[in-house]
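Protein chains in written order, with this note's numbering: chain V, 8 to 17; chain G, 65 to 270. All C-beta atoms in this analysis are idealised placements derived from N, C-alpha and C, irrespective of residue type, glycine included.
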């Protein structure tokens, strides 16, 4: 799994 | 569902202020922290387009949180009692800044601010819960507001699990902070479900 920031969330 | 719950919480808060002509029972400090949370997280409105939905929600959260502050500070100022809203926000801002500096996805200003906003959101409710504990009781409408606000991040959790397995994407910062945020509400939820939803008054044991 890729660790990333979910910037499409609020 | 999480976003709708968040949206509902703000509508309930505004409804409470309008109908009672009062912000009694609402922590100004918590509301001010939310303004800071939204301003630091949604800076990317200026360069990162996701969708019309995403942009509209961001603008709404910034605008409504600033508007609530205005209502508390000016329009209904006499109904706000600072002497019971005494949580020291410095104890939240400092540690959240440090967490933002340590845990981020890239060591740059906007990413640190984003991480700071995630951690700050997790604990921004503490002045409000502290105030609730001091007064020991709350109006039903205020508890509905808090329940919707607390449910919002909890409802993100199944979505994160879904994305972990479905999209192979995980955001450890948001997940850990979201679990902390939800955890802070557990005591409140217990009283809310066992008292308010059974038709009783929200009262904490002495």
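Could you spell out where the alpha helix (DSSP H) holding residue 253 of chain G opens and where it closes? Position 189 of the second chain, counted from the start, is the residue given in the question as residue 253 of chain G. From DSSP, the alpha helix (DSSP H) with residue 253 of chain G extends over 250 to 258.
Taking only beta-carbon positions, decide if residue 134 of chain G is within less than 8 Å of chain A. Of the protein chains in the structure, V and G, none is chain A.
Output needed in chain order: residues of the segment 231 to 250 of chain G with a Cβ under 8 Å from some Cβ in chain V. 232, 233, 234, 235, 236, 237 and 238
Residue 95 of chain G - containing alpha helix (DSSP H), residue span: Residue numbering aside, residue 95 of chain G sits at position 31 when the second chain is read from its first letter. Run containing residue 95 of chain G: 92 to 105, per the alpha helix (DSSP H) assignment.
Report the residue from G/139, G/220, G/130 and G/198 whose alpha carbon sits nearest the alpha carbon of residue 239 of chain G. Taking the first residue of the second chain as position 1, residue 239 of chain G is located at position 175. The residue with the shortest Cα to Cα distance from residue 239 of chain G is G/220.
Do you know whose CA, among G/86, G/117, G/184 and G/141, lies nearest residue 103 of chain G's CA? Position 39 of the second chain, counted from the start, is the residue given in the question as residue 103 of chain G. Ranking G/86, G/117, G/184 and G/141 by Cα distance to residue 103 of chain G puts G/184 first.
Is residue 153 of chain G helix, strand or coil when you go by DSSP? Residue mapping note: residue 153 of chain G aligns to position 89 of the second chain, counting from 1. Coil at residue 153 of chain G, not helix or strand.
Could you please give the first and the last residue of the uninterrupted alpha helix (DSSP H) stretch that includes residue 136 of chain G? Along the second chain, read from residue 1 onward, the residue named residue 136 of chain G stands at position 72. No alpha helix (DSSP H) contains residue 136 of chain G, which DSSP labels as neither H nor E.
Report the three-state DSSP secondary structure of residue 186 of chain G (helix, strand or coil). Translated into positions along the second chain, residue 186 of chain G becomes position 122. The answer is helix: DSSP assigns residue 186 of chain G an H, G or I state.
Residue 145 of chain G versus residue 254 of chain G - alpha carbon distance: Here residue 145 of chain G is taken as the residue at index 81 of the second chain, counted from 1. Here residue 254 of chain G is taken as the residue at index 190 of the second chain, counted from 1. Going by the C-alpha atoms only, they are around 27 Å apart.
Using the rule of at least 16 other Cβ atoms within 10 Å of the residue's Cβ for burial, across every protein chain shown, is residue 257 of chain G buried or exposed? Reading the second chain from its first residue, position 193 is the one you call residue 257 of chain G. Residue 257 of chain G is exposed by the Cβ-count criterion.
Under three-state DSSP, which class holds residue 278 of chain G? Any property of residue 278 of chain G remains undetermined from this structure, which presents chain G solely from 65 to 270.
Measure the CB-CB distance between residue 190 of chain G and residue 248 of chain G and report whether it falls below 8 Å. Numbered from its first residue, the second chain carries residue 190 of chain G at position 126. Numbered from its first residue, the second chain carries residue 248 of chain G at position 184. Cβ distance < 8 Å, so residue 190 of chain G and residue 248 of chain G count as in contact.
Quick one: using the 10 Å Cβ neighbour count with 16 as the cut-off for buried, is residue 113 of chain G buried or exposed? The residue you call residue 113 of chain G lines up with position 49 of the second chain. Flag for residue 113 of chain G reads exposed.
Please list, in chain order, all residues of the same chain as residue 69 of chain G whose beta carbon is under 7 Å from its beta carbon, the five residues on each side excluded. Position 5 of the second chain holds residue 69 of chain G. Only 212, 215, 216 and 219 meet the Cβ criterion.
Counting Cβ pairs closer than 8 Å, one from the segment 192 to 206 of chain G and one from the segment 113 to 129 of chain G, do we hit at least three? no
Does residue 178 of chain G pass the burial test, meaning 16 or more other C-beta atoms within 10 Å, or should it be called exposed? Translated into the one-based positions of the second chain, residue 178 of chain G becomes position 114. Per the 10 Å Cβ criterion, buried.
Looking at the unbroken alpha helix (DSSP H) that takes in residue 80 of chain G, where does it start and where does it end? As a working mapping, residue 80 of chain G is identified with position 16 in the second chain. Looking at the DSSP string, the run of the alpha helix (DSSP H) that includes residue 80 of chain G is 66 to 84.
When burial is assigned at 16 or more other CB atoms within 10 Å of the CB, is residue 105 of chain G buried or exposed? On the second chain, residue 105 of chain G is found 41 positions in, with the first residue counted as 1. Residue 105 of chain G should be labelled buried.
Would a C-beta distance cut-off of 8 Å place residue 133 of chain G and residue 99 of chain G closer than the cut-off? Here the question's residue 133 of chain G lines up with position 69 in the second chain. Here the question's residue 99 of chain G lines up with position 35 in the second chain. Contact: yes.
With 16 as the cutoff for other CB atoms within 10 Å, does residue 245 of chain G come out buried or exposed? The count along the second chain starts at 1 and reaches residue 245 of chain G at position 181. Its Cβ being crowded by 16 or more others within 10 Å, residue 245 of chain G is buried.
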